[in-house]
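Asks:
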Amino acid sequence: LKPGAHLNVVGSSTPRAREVDTPTMLHSRLFVDRRESALHEAGDFIIPKQEGAVDDNHILGELGEMLLGKVAARSNDDEITLFKSLGLAIEDLAAAQHVYEKAVAKNVGVWLEI
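Per this note's numbering, residue 31 is the first one in the sequence shown, and the count goes up by one each step.
#1: Using the DSSP secondary-structure output, state which residues sit across from residue 110 in a beta bridge.
#2: Under the DSSP definition of a beta bridge, which residues are partnered with residue 91?
#3: To the nearest angstrom, how far is the alpha carbon of residue 72 from that of residue 41?
#4: Quick one: what does DSSP say residue 123 is sitting in, helix, strand or coil?
#5: Are residue 230 and residue 56 close, meaning C-beta to C-beta below 9 angstroms?
#6: Excluding the five sequence neighbours on either side, which residues of its own chain have a C-beta within less than 7 angstroms of the C-beta of residue 133, listed in chain order?
#7: Taking Cβ positions, are residue 62 and residue 115 nearer each other than 9 angstroms?
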């Protein structure tokens, strides 16, 4: 990876599966959507932890903390950042709201009575 790279890691969501290798995790500033989920479900983090390469403190913060300025995303332009997402219901709701608003604006879709 080039200095200053950013990775969004969103595919794997089980403790035994991962998308990035241990050196990548070790050399990245790690942010997650939810710390508790990452500690128990994110193989991208759990496997390097089991190997002794990282510990729980390698998770620098949750996405919300970073967006609120409670934790810095980078201290210099060369740092590699990594966002590990396991998914949050609010992310699904935000996407659904966006799609709904676009459909209403374009007058497309089918209304279902439930």
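C-beta: ideal position from N, C-alpha, C; glycine also.
All values reported here derive from a predicted model rather than from experimental measurement.
Replies: Taking the structure as given:
#1: Position 80 of the sequence shown, counting from 1, holds the residue named residue 110. Paired residue(s): 58.
#2: As a first step, residue 91 is located in the sequence shown; it is residue number 61 there, counting from the start. Answer is 61, bridged to residue 91.
#3: On the sequence shown, residue 72 is found 42 positions in, with the first residue counted as 1. On the sequence shown, residue 41 is found 11 positions in, with the first residue counted as 1. Approximately 10 angstroms, taken between the alpha carbons.
#4: The count along the sequence shown starts at 1 and reaches residue 123 at position 93. In the structure shown, residue 123 sits in a helix (DSSP, three-state: H, G or I).
#5: An answer regarding residue 230 cannot be provided, because it is not within the stretch 31 to 144 covered by the chain.
#6: For the purposes of this step, residue 133 is taken as the residue at position 103 of the sequence shown. Closer than 7 angstroms at the Cβ level, and outside the excluded window around residue 133, lie 139.
#7: As a position in the sequence shown, residue 62 is number 32, starting the count at 1. As a position in the sequence shown, residue 115 is number 85, starting the count at 1. Closer than 9 angstroms, so yes.
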